[in-house]
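Asker:
Chains as they are written, first to last, in our numbering: chain A, 43 to 592; chain B, 19 to 187.
1. Cβ closer than 9 angstroms: which chain A residues qualify as neighbours of residue 94/B?
2. Taking only beta carbons into account, state which residues of the stretch 66-83 of chain A come closer than 8 angstroms to chain B, listed in chain order.
3. Straight-line CA distance for residue 591/A to residue 524/A?
4. Tell me which same chain residues have a C-beta within less than 7 angstroms of the C-beta of residue 394/A, skipping the five on either side of it?
5. What residue range does the alpha helix (DSSP H) around residue 484/A cover?
6. Using the three-state DSSP reduction, which class does residue 73/B fall into: helix, strand or coil?
7. For the stretch 549-556 of chain A and the stretch 431-450 of chain A, state whether three or more C-beta atom pairs, one from each stretch, are separated by less than 8 angstroms.
8. Might you give, ordered along the chain, the residues of its own chain that have their beta carbon closer than 7 angstroms to the beta carbon of residue 567/A, omitting 5 neighbours on each side?
9. Excluding the five sequence neighbours on either side, which residues of its own chain have a C-beta within less than 7 angstroms of the C-beta of residue 83/B, listed in chain order?
10. Of all the CB atoms in chain A, is at least one closer than 8 angstroms to the CB of residue 87/B?
11. Chain B beta carbons: is any one of them nearer than 8 angstroms to that of residue 251/A?
12. Sort out for me which residues DSSP pairs residue 123/A with in a bridge.
13. Please confirm whether residue 68/B has its beta-carbon closer than 8 angstroms to some beta-carbon of chain A.
14. What residues in the stretch 112-141 of chain B have a beta carbon less than 9 angstroms from any beta carbon of chain A?
15. Enumerated in chain order, which unbroken segments of the beta strand (DSSP E) with a length of 3 residues or greater are wholly contained in the stretch 48-102 of chain B?
16. Under a CB-based cut-off of 8 angstroms, is residue 245/A close to chain B?
17. Could you tell me whether the Cβ of residue 55/B comes closer than 8 angstroms to any Cβ of chain A?
18. May I have a chain-ordered list of the beta strand (DSSP E) segments no shorter than 3 residues that lie completely inside the stretch 107-183 of chain A?
19. So the alpha helix (DSSP H) residue 162/B belongs to, where does it begin and stop?
20. Using a Cβ-Cβ cut-off of 8 angstroms, state whether residue 142/A counts as contacting chain B.
21. Hey, out of 157/A, 571/A, 404/A, 493/A, whose CA is closest to residue 434/A's CA?
22. Could you name the residues of chain B that residue 490/A contacts, counting a contact when the two beta carbons are closer than 8 angstroms?
23. Compile a chain-ordered list of the residues in the stretch 159-175 of chain B whose CB is closer than 8 angstroms to at least one CB of chain A.
24. Report yes if the CB atom of residue 369/A is closer than 8 angstroms to the CB atom of residue 164/A, and no otherwise.
25. Over what stretch of residues does the alpha helix (DSSP H) that includes residue 565/A continue unbroken?
26. What three-state label does DSSP hand residue 20/B in the structure shown?
27. Closest by CA to residue 199/A, which one among 133/A, 490/A, 266/A, 272/A?
28. Is it right to say residue 66/B is buried, meaning 16 or more other beta carbons lie within 10 angstroms of its own, or is it exposed?
29. Using a C-beta cutoff of 8 angstroms, does residue 433/A count as contacting chain B?
30. Between the Cα of residue 478/A and those of 462/A, 461/A, 438/A, spot the shortest distance and give me the residue it belongs to.
31. If you draw a straight line from the alpha carbon of residue 134/B to that of residue 58/B, how long is it in whole angstroms?
32. Who are the near neighbours of residue 143/B in its chain, counting only those whose CB is closer than 6 angstroms to its CB and skipping five residues on each side?
33. For a minimum of 4 consecutive residues, which ranges assigned as the alpha helix (DSSP H) are wholly contained in the stretch 334-405 of chain A?
34. Taking 8 angstroms as the threshold (C-beta atoms), are residue 340/A and residue 358/A in contact?
35. Checking 8 angstroms against the spacing of the C-beta atoms, do residue 401/A and residue 427/A come in under that value?
36. Could you compute how far the alpha carbon of residue 70/A sits from the alpha carbon of residue 565/A?
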């Protein structure tokens, strides 16, 4: 395929879509599917057929609109009306209303903070794209960035735009994407590889799942542009096996892109060739670490190795390898389309652009949001998130998963970006934000994360393998009300030792939830140890065991 | 470096499902890096990985059995034990934990005596836990025979499991 053909597909598709007066998108994300949105889509199709509206009303499975708590969501184009909590019985009423007044009691308030405060770049086509058809993506402007890169730009110019954008790795580490690309591009080797890290392992994070499910072509386009920029001919999408829908959509996307000449040999009629394969993860958190991920793609146990050498020089099968996160790649096409300077104008001085967050826990609007870097925690939790339900009191937001920490109430006005959260003892992480209220016990939460790290430790280095187990035992002892103040002291010493001596990020970060909860909620630890009570009423402390102190 | 043996070893039985496993290994040119992919397709075909499956993959990929066993036991997704007729997966992601996943597991244990990883004596139902299903918007979440169920309560979970255990399907 050549660029002219790409334009023709876009024109044809737009014409086809224009034939319909109404286009209904029924969300087909995991959350809405579990609320049986698939049955609602079938009901719409059935009803449209029965009413003989097939020529003027199209029904499509669409992407996630973000407000997962209120699904299933149905959006109506071109009016942009959005319905929430749609049930089977609502289908006729919605169809009756087409071209007339919308159904008020189902309508989502698009002026609400939840929608108004967001800035969507990665999720820009949110709910208005058929994730299973490449034509739909092309009609929305998809693959224009790849065409521009291949026909108008040299690899150096592509990297220059990415560097100017200020984009940093969205997996959480925040390394400059442009610098990373440059290192791989400069590495001398006949064979280079690209990896897209879709092994979203942080519990409480589902940004990448949604991006892969809803915008598989956007991810592929970003990966392909990266391959052109660094000179790679083979790519691997490493996706969790726990995300079957994402795997299915990516597989289908690869097939369609190959068929259209947007992957494979001579992409868009140029000399550039690139192939992509999917590799399934198998449920190992440590595989989010890049050297462990590489071992896993090579078919081995996912154990990390010391760096340097970094994968950019010595990666997959010893060759230079570029590894970025799903969301990082999803930012590439808009950056090339609009220019690096456009992207750099969004966000803060050191953290550019937007970030997708998964809001969950004790919050009204659980779901997926995208906001400019630098928005305060308060705006995210109270305005977009709608605050805490059931009249409960906010206690903390947990960010950064098992390697992160929590943000208590007094720091709610801290901006969220790569650097501002570090002094608080946590970090932005990959984007999971779990809100906790006064029903959560912070010692129990610390124990939960330590159990996670202990189980997920790959066992290669001693500090992590043994240290996390000991810390878990101590935390468990505290939650049972059997610990002494000496145990607390030992826990703090261990936390320091494990973070300083572990081989990879898993071990180095594992003590963070403990350190963070000790910093802000030490009184809760003391209540368990000295008074033998759990203030939140979560831990089961048997008072007949009080004698263990003596 | 990649290495391959090129020849295929005969399947452990004439069960047609072995062909799926063979096809996966062939697609990867019987190279060693196909271990995980091959185990995925064996588990998908048979429901779990038994000794025969591990040996078959090891021989065809010209890889020591110890290495294949290491991979199969390293990753949480692989299971070496057969599952019950029905499976219930309770998500233990942070959001689900905050919203009561532990209470769901406690209730299942109290009612059915099932701990994570166990199967009822009549082989009707297995209980598993997941690190995070990525369905945090639905917390607490569970998967019942492949269907994701959101806003799960201990009562819902028990009712669903009881239906499996008490009825022949």
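Quick reminder that beta carbons are idealized off the backbone N, C-alpha and C, glycines included.
Answerer: Straight from the coordinates:
1. For residue 94/B, the residues of chain A that pass the 9 angstroms Cβ criterion are 324, 325, 326, 327, 497, 498, in the order they occur in the chain.
2. So the close ones are 72, 73, 75, 76, 77.
3. Low local confidence applies: a pLDDT of 40 at residue 591/A is under 50, so the model's placement there is unreliable, and no value is given.
4. For residue 394/A, where only same-chain residues beyond five positions count, the Cβ hits under 7 angstroms are 207, 208, 209, 385, 386, 388, 415.
5. Element bounds for residue 484/A: 484-498.
6. Here residue 73/B sits in helix by DSSP.
7. Judged by Cβ distances under 8 angstroms, the stretch 549-556 of chain A makes contact with the stretch 431-450 of chain A, as three or more pairs qualify.
8. Its chain contains 485, 520, 530, 560 as the residues whose beta carbon lies nearer than 7 angstroms to that of residue 567/A, once the 5 sequence neighbours on both sides are disregarded; these appear in chain order.
9. If you ignore the 5 residues before and after residue 83/B, its C-beta comes within less than 7 angstroms of the C-beta of 72, 73, 76, all in its own chain and listed in chain order.
10. It does not; no Cβ of chain A falls within 8 angstroms.
11. Closer than 8 angstroms: yes.
12. Answer by DSSP bridge pairing, in chain order: 118/A.
13. Output row for residue 68/B: interface = no.
14. Under the 9 angstroms Cβ criterion, the stretch 112-141 of chain B contributes 112, 113, 114, 115, 116, 117, 120.
15. List check, beta strand (DSSP E) in window: nothing returned.
16. Yes, residue 245/A lies at the interface with chain B (some Cβ there is under 8 angstroms from its Cβ).
17. Chain A contact via Cβ: present.
18. The qualifying runs are 116-119, 123-125.
19. Annotation for residue 162/B: no alpha helix (DSSP H) segment contains it, though the beta strand (DSSP E) segment containing it runs 160-162.
20. For residue 142/A, the answer is no, since every Cβ of chain B falls outside 8 angstroms of its Cβ.
21. Closest by alpha carbon: 404/A.
22. Under a criterion of Cβ atoms nearer than 8 angstroms, the residues of chain B adjacent to residue 490/A are, in order, 112, 115.
23. Correct list: 159, 165, 166, 167, 168.
24. Their beta carbons are under 8 angstroms apart, which means residue 369/A touches residue 164/A by this criterion.
25. Secondary structure note for residue 565/A: its alpha helix (DSSP H) is the uninterrupted segment 554-568.
26. The predicted position of residue 20/B is uncertain, since its pLDDT is 41 and thus under 50; a value taken from the coordinates is nonetheless stated next. Residue 20/B: coil per DSSP, three-state reduction.
27. Nearest to residue 199/A by alpha-carbon distance, out of 133/A, 490/A, 266/A, 272/A, is 272/A.
28. Result: exposed.
29. Not one chain B Cβ lies under 8 angstroms of residue 433/A.
30. Nearest neighbour of residue 478/A by Cα position, chosen from 462/A, 461/A, 438/A, turns out to be 438/A.
31. Each residue's Cα considered, the two are about 21 angstroms apart.
32. The beta carbon of residue 143/B sits closer than 6 angstroms to those of 102, 104, 179, 182, 183, all from its chain and outside the five residues before and after it, given in chain order.
33. If only complete runs of 4 or more residues are kept, the stretch 334-405 of chain A shows the alpha helix (DSSP H) at 368-372, 374-380, 382-386, in order along the chain.
34. Taking C-beta atoms as the reference points, residue 358/A and residue 340/A count as a pair closer than 8 angstroms.
35. Yes, Cβ-Cβ distance for residue 401/A and residue 427/A is below 8 angstroms.
36. Linking residue 70/A to residue 565/A through their CA atoms gives a straight-line distance of about 45 angstroms.
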